[in-house]
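Residue numbers (the UniProt record's numbering): 1 to 91. One structure is given below, encoded as structure tokens.
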């Protein structure tokens, strides 16, 4: 170390070791991330008839199409707004 003292270097090493210890405590135990279950998770979804299933599918399609139209409107509005600003600044 050309410009620092030995005590500063030692303090830096201690801080680095403290950070590593803290990280190791958090990440090495492994059980803090998820819980491993030996049994398979059961879901209690209702049984739907073919007609009900088609109705649900159509509702999902309709919602997605509506959301897509809203997003397209927002994007087009932003583009038009930016073009107007560019034209205004160019004139």
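Beta carbons: idealized from backbone N, C-alpha and C, even for Gly.
Short check: CB of residue 48 to CB of residue 56, under 8 Å?
Closer than 8 Å, so yes.
May I ask which residues mark the beginning and end of the alpha helix (DSSP H) holding residue 67?
Taken as a continuous stretch (DSSP letters only), the alpha helix (DSSP H) holding residue 67 covers 50-90.
Which complete beta strand (DSSP E) runs does the UniProt region "Disordered" (1-24) hold, if anything under 3 residues is left out?
You should have found no qualifying run.
Could you pull out every residue in the same chain whose Cβ sits closer than 8 Å to the Cβ of residue 66, ignoring the five residues on either side in sequence?
Nothing listed; no residue qualifies.
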